[in-house]
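Asks: Numbering (this note's numbering), first residue to last: 1 to 354. Glycine residues also receive a C-beta, built at the ideal position from the N, C-alpha and C atoms. This is the structure I want to talk about, given as structure tokens.
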Amino acid sequence: MMFTSFDLGSLHLPNRLAMAPMTRSRSYVAGIPSSLMALYYAQRASAGLIISEGIYPSAAGKGYMNTPGLYTDEQVAGWHEVTGAVHAAGGRIFAQIMHAGRIGHPDNTGALPVAPSAVRAAGQIFTPDGPQDLPVPVELSTAEVEETIRDFVRAARLAIDAGFDGVELHGANGYLIHQFLSRNANLRDDRYGRSVAGRIRFAVETAEAVAAEIGGSRVGIRLSPASGAQDLVEDDAHELYPALVSELAKLDLVYLHMMATGGDELGRRIRDLWPGALVVNDPMGTDPAVTAAKWLEWGADLVALGQAFLANPDLPLRLRLGAPLNEGDVDTYYAGDHRGYTDYPTLALHPAAV
Ligand SMILES: Cc1cc2nc3c(=O)[nH]c(=O)nc-3n(C[C@H](O)[C@H](O)[C@H](O)COP(=O)(O)O)c2cc1C
């Protein structure tokens, strides 16, 4: 099952293994993707689908140091190099558009972060001076919420211009779209808040507007139901996520990328409500082969693997052969140079490992 092909929109995927989005913080200044990033992604082109690291769609959407953006000509040119390298190596790549919302710091961006409401998340963020408390963000006005949706649309258009095969909207893990969904980060009184219908509106309108711009067959969305990430409260997840997925289902998006954070019952409910391709990522998975087989059996169309792809550029081959896997070096996950980035060995370099 893992190695059967799958048609995702107009893309023909050779296997069911997606590379999960992973921020690696190796961009040049001004959010410009580096040549090293092109090599890193091209090395992983045997994934059925690569989902890029989170990419901010506007200056206000940046959260972390050394992460890439997608709103300037220089950024588009950098991404062109990345997508060209992946395609030349026979792969397919979606851009994950990630607006970090309240998870940011003026020392990283020069301005206070923006959010649905002026509610700070408990916790710290890495800055040039080391970890610092997350600040109280600035509440977006209704007009600014609409402008933010336009920022997502522009980034999606630029992603296509830069050669990406599609985009994934980051609606998971406590960032802006997810903040709108939650009860404690979204205290808004306008049409983007209050009720479940209000709190899902930003996600739905963003997906709708992006799909109108580049076509639903090139738009996926990632959700982490009930995860409570980054200090969010999601105690109404059993009501909110079915409502959200039902609305998204009307938009003919190419996939829903569900993190397996919501438990069996909610996960099954979402599978039943989602008519299109479902990608599952299980953050509790330990053995990638076991995790992939389990979720494909369960009803996922694709399984996204993160750290296993990070440490094994030739992961599909290794899983097919049952070969040993490299372990990831957590000290080089974020920032740094080629070490722990583009120097993980492939099997071809170590035939004795087969
Ligand atoms: C270094 C690193 C960076 C990550 N960055 C992102 C990101 O930019 N966007 C995102 O949606 N998830 C991100 N994640 C979460 C992964 O996509 C994935 O959900 C998580 O690693 C669990 O899957 P795994 O056990 O297969 O690695 C990141 C994870 C890691 C380890």
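1. Residues in the same chain with beta-carbon distance under 6 Å from histidine 350, minus the five sequence neighbours each way, listed in chain order, please.
2. Is glycine 306 near ligand 1 - that is, is its Cβ less than 8 Å away from at least one heavy atom of it?
3. Spell out the partners DSSP gives aspartate 7 in its beta bridges.
4. So for leucine 278, helix, strand or coil by DSSP?
5. Report buried or exposed for methionine 1, applying the criterion of at least 16 other Cβ atoms within 10 angstroms of its Cβ.
6. Between the alpha carbons of glycine 90 and serine 46, how many angstroms are there, rounded?
7. Alpha carbon to alpha carbon, how far is phenylalanine 391 from arginine 320?
8. Along the beta strand (DSSP E) that carries glutamate 53, what are the first and last residues, could you check?
9. In whole angstroms, give me the CA-to-CA distance for leucine 347 and glutamine 43.
10. Take asparagine 281 and list the residues in its own chain whose beta-carbon comes closer than 6 Å to its own, dropping the five residues that flank it on each side.
11. Excluding five sequence neighbours on each side, which residues of the same chain lie with their C-beta closer than 6 Å to the C-beta of glycine 299?
12. Quick check: does the Cβ of alanine 20 come within less than 8 Å of any heavy atom belonging to ligand 1?
13. Flag this pair as yes or no: are the beta carbons of arginine 26 and tyrosine 40 separated by less than 9 Å?
14. Given the structure, does asparagine 326 come close to ligand 1, in the sense that its CB is under 8 Å from one of the ligand's heavy atoms?
15. When you compare only the Cα positions, how much space is there between arginine 218 and aspartate 161?
Replies: To lay it out plainly:
1. Taking the sequence shown and counting its residues from 1, one reaches residue 350 at position 350. Residue placement at histidine 350 is flagged as unreliable, the pLDDT there being 49, under the threshold of 50; the coordinate-derived value follows with that caveat. If we look at histidine 350 and ignore the five residues flanking it on each side, it has no Cβ neighbours.
2. Sequence index remark: in the sequence shown, residue 306 carries index 306 (1-based). Yes; taking the cut-off as 8 Å, the Cβ of glycine 306 has a heavy atom of ligand 1 nearer than that.
3. Here the question's residue 7 lines up with position 7 in the sequence shown. Its beta-bridge partners are His12.
4. Position 278 of the sequence shown holds residue 278. If DSSP states are grouped into helix, strand and coil, leucine 278 belongs with the strands.
5. Working through the sequence shown from its first residue, we reach residue 1 at position 1. Flag for methionine 1 reads exposed.
6. Along the sequence shown, read from residue 1 onward, the residue named residue 90 stands at position 90. Along the sequence shown, read from residue 1 onward, the residue named residue 46 stands at position 46. Cα to Cα, the separation comes out at about 7 Å.
7. Summary: the structure shown does not reach residue 391, with the chain confined to residues 1 through 354, and so no result is reported for it.
8. Here the question's residue 53 lines up with position 53 in the sequence shown. Taken as a continuous stretch (DSSP letters only), the beta strand (DSSP E) holding glutamate 53 covers 49 to 55.
9. Mapped onto the sequence shown, residue 347 falls at position 347. Mapped onto the sequence shown, residue 43 falls at position 43. Going by the C-alpha atoms only, they are around 12 Å apart.
10. Taking the sequence shown and counting its residues from 1, the one referred to as residue 281 is at position 281. So the list reads Ala20, Met259 and Ala304, once near-sequence residues are dropped.
11. By one-based count along the sequence shown, residue 299 stands at place 299. Excluding positions up to five away in sequence, the list reads Arg271.
12. Mapped onto the sequence shown, residue 20 falls at position 20. Within the cutoff, so yes.
13. Residue mapping note: residue 26 aligns to position 26 of the sequence shown, counting from 1. Residue mapping note: residue 40 aligns to position 40 of the sequence shown, counting from 1. Yes, the pair counts as a contact, with Cβ atoms nearer than the cut-off.
14. As a first step, residue 326 is located in the sequence shown; it is residue number 326 there, counting from the start. No, ligand 1 has no heavy atom inside 8 Å of this Cβ.
15. Here residue 218 refers to the residue found at position 218 of the sequence shown. Here residue 161 refers to the residue found at position 161 of the sequence shown. Arginine 218 and aspartate 161: Cα-Cα distance of roughly 13 Å.
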